[in-house]
Amino acid sequence: MTSHLGAMLLFAVCVAAVFGVLLRDELGAQVRLAGRIFGALAAGAYLLGWMMFLAF
Amino acid sequence: MTSPARSSGRPAPAPEAGLGPGGAVLMAWLVPGAAHLALGQSRRGAVILVVLLFMFAAGLGFGGRLFPFQLAEPLVFLAALAEWAVALPRLLAAAAGLGEGRVVAVTYEFGNTFLIGAGLLNMLVMLDAVDRVTGRKA
Chain A
-16 MTSHLGAMLL FAVCVAAVFG VLLRDELGAQ VRLAGRIFGA LAAGAYLLGW
34 MMFLAF
Chain B
9 MTSPARSSGR PAPAPEAGLG PGGAVLMAWL VPGAAHLALG QSRRGAVILV
59 VLLFMFAAGL GFGGRLFPFQ LAEPLVFLAA LAEWAVALPR LLAAAAGLGE
109 GRVVAVTYEF GNTFLIGAGL LNMLVMLDAV DRVTGRKA
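The listed protein sequences derive, respectively, from chains A and B.
Under our numbering, read the first sequence as residues -16 to 39, first letter to last.
Under our numbering, read the second sequence as residues 9 to 146, first letter to last.
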């Protein structure tokens, strides 16, 4: 895999999964938290990427 | 408002563990998720084990570098510290001659990020294991 976006999404999935299982006890809550963290990481990186592209 | 564990003074240790805080840290340091598995939290431990080992392997596959402890280079030193937080995989990878770091690879920095990220996450896992052994978390 050489796609930066793909590698970033993969990293975000891994980080979200670990935080999800560490910070919540029930399966549903773990999945919801992991989804929120993944969404925040992915959207944040995408937004930051665009901001850097436009600014520099 | 305090949690039930805190209101009764010192929290009760995890009953089925037979594992002290030091043992939990040691187990989680050697193998990510091992302490949680020993505490009977099989799903949590399995997810941690699979995800962190995958991150470490992906980091090596992406051409990341296993950094040496180098006090002259503070960032290299910190990267080494983070990577050593996943002890057994780090040892095995070094013994197998992996992790030389392919600087020319497009994914080199991602490799480092995965390796360092796995270590940093395992530090949190170690703290979580201590919290569960000492009863601060259920």
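No residue lacks a Cβ here, since even glycine has one placed at the ideal position from N, Cα and C.
Nothing here was measured: the structure is a model prediction, and the numbers come from that model.
Is the Cβ-Cβ distance between LEU27 (chain B) and ALA46 (chain B) less than 8 Å?
yes
Helix, strand or coil: which one does DSSP assign to GLU108 (chain B)?
strand
Between B:PHE75, B:LEU79, B:ARG144, which has its C-alpha nearest LEU123 (chain B)'s C-alpha?
B:PHE75
Helix, strand or coil: how does DSSP classify ARG73 (chain B) here?
strand
Just to check my reading of the structure: ILE56 (chain B) and PRO40 (chain B) have Cβ atoms closer than 8 Å, yes? What is that Cβ distance to the nearest angstrom?
5 Å
Helix, strand or coil for LEU10 (chain A)? Go by DSSP, reduced to three states.
helix
Per-residue burial, GLU108 (chain B) [other beta carbons within 10 Å of its own, 16 or more giving buried]:
exposed
What residues from the segment 57 to 74 of chain B come within 8 Å of chain A, judged by C-beta to C-beta, listed N to C?
VAL59, LEU60, PHE62, MET63, ALA66, PHE70
Starting from PHE(-6) (chain A), find everything on chain B with Cβ-Cβ shorter than 7 Å and list it in chain order.
THR121, PHE122, GLY125
What did DSSP end up calling GLU117 (chain B) once you bin it into helix, strand or coil?
helix
Three-state secondary structure assigned by DSSP to SER11 (chain B)
Confidence in SER11 (chain B) is poor, its pLDDT being 46 and thus under 50, which makes the residue's placement unreliable; the coordinate value appears in the next sentence. Three-state DSSP puts SER11 (chain B) in coil, outside helix and strand.
Three or more C-beta pairs under 8 Å: does that hold for the segment 81 to 101 of chain B against the segment 113 to 131 of chain B?
yes
Which residue spans inside the segment 18 to 61 of chain B form an unbroken alpha helix (DSSP H) run of at least 4?
29 to 38, 42 to 46
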